[in-house]
Amino acid sequence: PVRGRPRNLNPDQTHDLLTLLAEAPEMYLNEIMDWVALCLDAAVSRTALHMLINDAGLTYKILRRAASERDEETREQWRQLIRTTSLPR
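For the sequence shown, my numbering puts the final residue at 146, and the numbers step up evenly by one.
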């Protein structure tokens with residue numbers, strides 16, 4: 058039997074989120090939470106997001122390494138892009 062609270066994101070939203078993380082693994086949890094709110098029109102807690110990322114097999118070490126290699130100018134361009142566009146539903 059399944060226990061606990063139901064997931065905040067449906068399977069399509071989860072797929073979109075994991076696709077985002079594959080393309081931009083350097084994102085911090087708060088940035089991911091903002092993206093979920095803006096692009097998926099959903100709310101997810103930091104803990105739920107952390108568990109979802111963990112369940113997908115991603116680790117802090119992988120995300121941390123990617124963050125240290127990021128290009129801040131490219132990140133700002135990406136932030137502007139997500140402010141003006143959203144994923145198709």
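Every residue gets a Cβ at the ideal spot worked out from N, C-alpha and C, and that includes glycine.
Straight-line gap, residue i to residue j (C-alpha atoms, nearest Å)
i: L97; j: L77; result: 12 Å
i: I89; j: E129; result: 16 Å
i: A94; j: G114; result: 23 Å
i: Q137; j: W92; result: 12 Å
i: A99; j: T116; result: 23 Å
i: H107; j: E80; result: 18 Å
7 Å CB neighbourhood of residue i in its chain, flanking five on each side removed
i: I139; result: W92, L95, C96
Whole-angstrom C-beta distance between residue j and residue i, which should lie under 8 Å
i: R64; j: L86; result: That belief does not hold up - the Cβ atoms of R64 and L86 are roughly 17 Å apart, past 8 Å.
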